[in-house]
Every structure is written in C-alpha cells, then in structure tokens.
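See structure below.
There are 2 protein chains.
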Amino acid sequence: MHRMIEKYSGIIRNELDSIWPELPEPKSLYEPILYTLEAGGKRMRPVLLLAACDYYNGNLQQAAKAACGVELFHNFTLLHDDIMDNAELRRGRQTVYKRNGLNTAILSGDLMMVKVYQLLAQMSPELMVAVLPKFNDMAIKVCEGQQMDAEFETRNEVSIDEYLQMITYKTAVLPAAAMQIGAVCGGASDTEAQKFYDFGIEVGIAFQIKDDWLDVFGNPEETGKVKGGDILAGKKSMPVLLTLSCLDAEAKDSFLQTLHGNAPDKVERILAIMHELKIDEITMQWADKYFKKSLASLESIAGDDAGKNFFRAFADSLMERKN
Amino acid sequence: MHRMIEKYSGIIRNELDSIWPELPEPKSLYEPILYTLEAGGKRMRPVLLLAACDYYNGNLQQAAKAACGVELFHNFTLLHDDIMDNAELRRGRQTVYKRNGLNTAILSGDLMMVKVYQLLAQMSPELMVAVLPKFNDMAIKVCEGQQMDAEFETRNEVSIDEYLQMITYKTAVLPAAAMQIGAVCGGASDTEAQKFYDFGIEVGIAFQIKDDWLDVFGNPEETGKVKGGDILAGKKSMPVLLTLSCLDAEAKDSFLQTLHGNAPDKVERILAIMHELKIDEITMQWADKYFKKSLASLESIAGDDAGKNFFRAFADSLMERKN
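Here you go:
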C-alpha cells in the first residue's frame, strides 16, 4: 500500500505544482491558495481517486486532473469552513481567515472553486462529460451537509437518520465521489463506479462514528484530544444521539440540560449515564455495521480481488486509527 | 428591442423557476438563494446571452441553461460581495449577509456557484465542452477583478491601465462572456464569438467610465445619487486617476490629501481642480473612445446588420442613462 501511495502522491504533487508555476496577479488573491495547498495534508481523496482509476488500469495522467480538482475542492471547503467556525488554526498553521482577513478568505476560496472546474475542463471531452455531473452532485451535498451540521447545533431533537445523512453529506460523499470518479476515469461502467461510491460512503460513515467514539471513549493519551471534547462543546455526536434514543422524555430533558450546561463534572456525569446504557458498545456496533457493509460493497465490485487490497488496507487503517 | 427583451425574459424566468420548483432541504440554505433571485434585477446578462444566440437563430432552450448559469453566477458574486462590502441593502432589500448571517451567506453563495455548473452540465455535451472553458475564464477574471478593486483602495498609485484592467475584470467580462457564450450556443465560430466578447468588454468599460463620470459630474436630481459620492468615499475612480495623471508630485500629494481627508468643502475643492483641468471632458472622451470601439467591434461581426440593432440599442441605452 505504501508504495502505491508514494506513486499516486508523486503524480498529484506534480499536477498540483503545474497549476501555478509562478504566483499570478493579483498576488494577494493567489498567495493564500498556495499557502493552503503547501500545508499538504494526506491527500487522501486524490490518492483514492487515482487508486480507483488504477484498479481498471486507466490513464493516471487524465485522472490526475480530476484528482487535483477533488483536492482543490476539499481545500476550498476547509478555507470557507474555517471562516464559519471562526477557526484559528488548520494543520498547525494560522488559517487564511485569521492570516489574510475575511474578504480574502472568501474570495480565495471562490477562486479555488472555479479553478476546480478549470481542471475538470482540461480532461478529454468524453471524460469531462461523464465526470462533471458526479462532481456537481457531490459538491452540492457537501454544502448541504455543512448547513445541516450548523442547523443541528441549534436544534434539540436530531434523529439518528438525520445525523447519518449529515455526516454522509459533510464527510463521506467527497472520498466516495473521488473513488467513483476515479473508476469512471479508469473506464468502469456507472454501475461498477457506483459500488466504489457506496464503499466510500459506508467506510466514511464508519470512520465518522469511530471518530465520535474516540472523542468520548478514547484514551486521551493515544488520541491526543481533550477527553470528551465533543461533550464539553455540547455537540450532538453519535454517542449523544444514541443515549437520547434510550431515554424517556424526563431523563432526556435532564441529560440535555447537563450536556448544554457548564457543570465542572459535566463530562463525568454524561459518561456515567452513557456507561450505564452501554453506549460505548452500541456506538462501536454502529461503526462496525457500516465497516462490514463497506467491505461487502468492495467485495461486490467485479474484477481482480488482489487489486482490492489497497482499498481494504485503506478501510482498515481508518478503523484502527487511535487519533 | 422591448419585445425581444420580453421574449428573452420569459424564457429566463421559466428556466429559473424550474431549477427549484419546491424549496429543497435544508431550507435555511436554499431560502436565501430564492430570496436573492426573487429580487429580480434587469436580468441584463442572460438577456444578452439569449440575444447573441438568437442572432444566429440558435436553440434558445439550450442557451437558456447557460443564460441562467450566468444569472446565477452574477447573483452569487453579489451575495459574496455584500459580505465583503458589509452592505446593508441590495435592490432595496436587506442583504442575505445582514438577514441570514455570515455563515449562511457564504454557504448559500457557494451552493449557487455549484448550481451554475450543474446547469451548464445539462447542455448537450458538444455545447458544454465549448462553453465551460469560456465560462471558467470569465469567472476567474471576476474574482481577480474584485480583489484588484480591494487592493487599489489601500494603494496610493494606480495607473489608468491598471484601473481599466480592474473594471474590465470586475464589471465588463461577465456581460461580454454572456454574449460570447450565447454566440457559441447559436453556432458561431470562436472568432465571431470573440467579436461579441470584444463588443461587451468595450461597451462595459465605456459604461463604467460613464458611471464614474455621472457620480462626479452628473446632476444629483437626475442620477438620484449623492453629489460626488465617490469623492466623499475617497475612491480612485476614472476622474480622480485622470486628475492625478495631470499633476506634478507636489500637487498630487496635496490632491490626495484632500481626497482622503474630511474637510467640509472636500467635494467642492476636488471639483474645482477637476474643472480647471477639464477632467469632465477628458473623462467623457475616454468613455466615448470605448463606446466607438464597441460599435466598430459590433460592425465587424459577420451577418445580418438589422440583427445588430438590438445590441446597438443596448449600447445606446447604457451610454444615455442618467442614473
């Protein structure tokens, strides 16, 4: 897996570097974009795109345009999300919002988004026509998911189904569409590409539930996070929603009051209720359910089984992560 | 002209209404978009697009997708511009920024932008492949122009050439690209479509210079604007830049000091200098130069001369406007 990631990362780096060989004018607009891209990150989404294309022995140079499009789009969402979250830091560095101000952060983000479509327009006409609708569907869902997340914060009741839809849109559709688009670039039929999409959605949901689990039940020494950070912030993550679904009206009110309050022993009190209801195990059962689903979707894809090892290893690495 | 505008407006209204027949979820994300589109405006850009397509007897239903894309894109820029300008009102109504808050204004704008590309992707593959690169080039220039405008505010020296580039990007490329894309939708060659683009750029520059002129030298009773609003705001509009180009270093400093100061007779003092230098006439000469250029570009377009009356009338109406 490591060698393939190396190979894909090299292609992505070359393609990204070739977008702006020199800083264009107006520099104040483009510099924050290059600053954002410099920070790197794991390039997980474009790597998945190229891997799906490679599964079908597709042309990786053509797919690299879409891969960079997906990576630029991801970075565009981070740039605008950081404004909405009033975030100070991103990948250990100051956010563009704090560094360059609101107006530049909005406009640099907007420009990145247009650049995404300029990259997609550089593919062969046949590929572009096939990829564009899939990319657009994904991008719309990402915006919708972001808004749902914000809405949920001000609501008392959020159903498990609503939460799953939100994390699907906000987190899972981007890597899922990356693999779907990669498969299309490799020559897969829409039906086969859809299986890669389903795999991505399911593994993305599993990952997000595991992430919620780690925040509440993980070992802070291993995760590097504040113990119960989500609880302190009053977030309606999966363990909270599962707890609420087990409580009667009165207990629910009391639980929510604690969650939204500022008692010094807030985290301990919430954890005590969760332990009693075995929310620890129930949350992990949900994550496992989606993890198993994802493996079944992967299984259903036609073709070389050994070629799927990369994607199995990817799913495993997400589920075993400690931080 | 009026009857053609009626016809095109009807097509645009139908197409816009069909995008979201019902308000999608999450409502809080889509409602501000419909609120923005409801406000209407003149729909000048999509009308120009359909007119250029119609000049070649093209399929207006196909072109309507691109026309609505252009209108949505224009409204997207207004939505984000209102954040950057901290604007209270737009078309006499509260801005989305003030009405729905920063986060929704950013995200609704982002979604509108994606929706633009979803509309473009609904055209026939051949048209889409031809239109997309032209649309992207325009969109990137609009972002760059917006940033240049913001940059110029903090700079002391701005050359006439820089200013012309800024207003070209910020204002003129959108209607110009609308006509270019319309011509392509109608079956025009890239060379002929480029002439429509040039016409749009030149008439757009002429319009913006005339607009600058009106702000400084227009009759407030006719324009409905505050006398010398741009001067009060210290804006480096065309009359200011032309004045600066006539002054020596010392006079320049003194002029800029007055312009950026708050003297009660600031407007009168600036106007006195401008009158002495005949900036009134010089500014109008610049506007006329671009207006005449635009008519020559229109002239150079092959085909039915009577069909160009619509575009002549459009250019005339922009130049004769009193407000």
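Chains A and B, in that order, are what the protein sequence lines are. Position 174 of the first sequence, counted from 1, bears residue number 174 in the working numbering, the numbering being contiguous throughout. Count along the second sequence starting at 1, add 1000, and that's the number in the working numbering. Think of the CB as a built atom: it goes at the ideal place given N, C-alpha and C, for glycine as much as any other residue. Since the structure is predicted, the reported quantities are computational estimates derived from the model, not experimental observations.
Do you know offhand how far residue i's Cα is from residue j's?
i, j, result
"A:I270", "A:M112", "42 Å"
"A:V203", "B:T1104", "29 Å"
"B:I1033", "A:S108", "21 Å"
"A:I201", "A:A121", "26 Å"
"A:V96", "B:I1106", "15 Å"
"A:G186", "B:I1140", "30 Å"
"B:C1068", "B:F1199", "21 Å"
"B:E1222", "B:G1092", "19 Å"
"A:E320", "A:W286", "15 Å"
"B:L1029", "B:P1021", "15 Å"
"B:H1074", "B:L1119", "14 Å"
"A:A178", "A:L318", "17 Å"
"B:M1284", "B:L1048", "25 Å"
"B:D1211", "B:G1228", "12 Å"
"A:N86", "B:Y1008", "43 Å"
"A:D253", "A:A263", "16 Å"
"A:E38", "A:T77", "16 Å"
"A:V142", "A:A172", "9 Å"
"A:D81", "B:P1133", "28 Å"
"B:Q1062", "B:E1006", "18 Å"
"A:A251", "A:E268", "17 Å"
"A:T154", "B:E1025", "16 Å"
"B:F1291", "B:R1090", "28 Å"
With a 10 Å radius around its C-beta and 16 neighbouring C-beta atoms as the bar for buried, classify residue i as buried or exposed.
i, result
"B:E1156", "Residue identity differs from the one stated: residue 1156 of chain B is Asn in this sequence, not Glu. Burial call: exposed."
"A:A249", "exposed"
"B:D1110", "buried"
"A:Q146", "buried"
"B:W1213", "buried"
"B:G1010", "exposed"
"A:G303", "exposed"
"B:E981", "In the structure as shown, chain B starts at 1001 and stops at 1323, and residue 981 of chain B therefore has no counterpart that could be examined."
"A:A306", "exposed"
"A:L60", "buried"
"A:D215", "buried"
"A:G58", "buried"
"A:V226", "exposed"
"A:L259", "buried"
"A:D17", "exposed"
"B:T1243", "buried"
"A:T191", "exposed"
"B:T1036", "buried"
Between the Cα of residue i and the Cα atoms of the options, which residue gives the shortest distance?
i, options, result
"B:D1161", "B:A1188, B:K1236, B:N1103", "B:K1236"
"A:A206", "A:C185, A:D288, A:F311", "A:D288"
"B:V1131", "B:L1102, B:L1089, B:A1064", "B:A1064"
"B:N1309", "B:K1042, B:M1123, B:A1188, B:Y1055", "B:Y1055"
"B:G1041", "B:Q1062, B:N1059, B:L1072", "B:L1072"
"A:F135", "B:N1262, B:V1114, B:N1136", "B:V1114"
"A:I373", "A:D211, A:L244, A:S189", "In the structure as shown, chain A begins at 1 and stops at 323. Residue 373 of chain A is therefore absent and cannot be evaluated."
"B:K1027", "B:N1262, B:N1219, B:I1012, B:N1100", "B:N1100"
"A:H275", "A:C246, A:T77, A:Q257", "A:C246"
"B:A1176", "B:L1060, B:V1070, B:E1031, B:T1154", "B:V1070"
"B:N1219", "B:Y1035, B:L1244, B:F1291, B:D1280", "B:D1280"
Do residue i and residue j have their CB atoms nearer than 9 Å?
i, j, result
"A:F255", "A:I273", "yes"
"B:L1079", "B:G1182", "no"
"A:E144", "A:Y169", "yes"
"B:R1045", "B:L1174", "yes"
"A:V158", "A:L241", "yes"
"B:I1231", "B:K1278", "no"
"B:M1123", "B:A1066", "yes"
"B:F1196", "B:A1052", "yes"
"B:D1149", "B:M1166", "yes"
"A:A193", "A:Q208", "no"
"A:I12", "A:R43", "yes"
Under 8 Å by Cβ, that's how I've got residue i and residue j pegged, so tell me the actual separation to the nearest angstrom.
i, j, result
"B:M1001", "B:A1233", "In fact, because the Cβ distance is near 34 Å, the residues do not count as touching under 8 Å."
"A:V116", "B:P1125", "Contact doesn't hold; Cβ gap of about 20 Å is too wide."
"A:Y163", "A:M238", "7 Å"
"A:A315", "A:S294", "6 Å"
Would you mind telling me which residues of chain C sit closer than 7 Å to residue i, beta carbon to beta carbon, in chain order?
i, result
"B:E1144", "Looking at the structure shown, chain C is missing, and the protein chains on hand are A and B."
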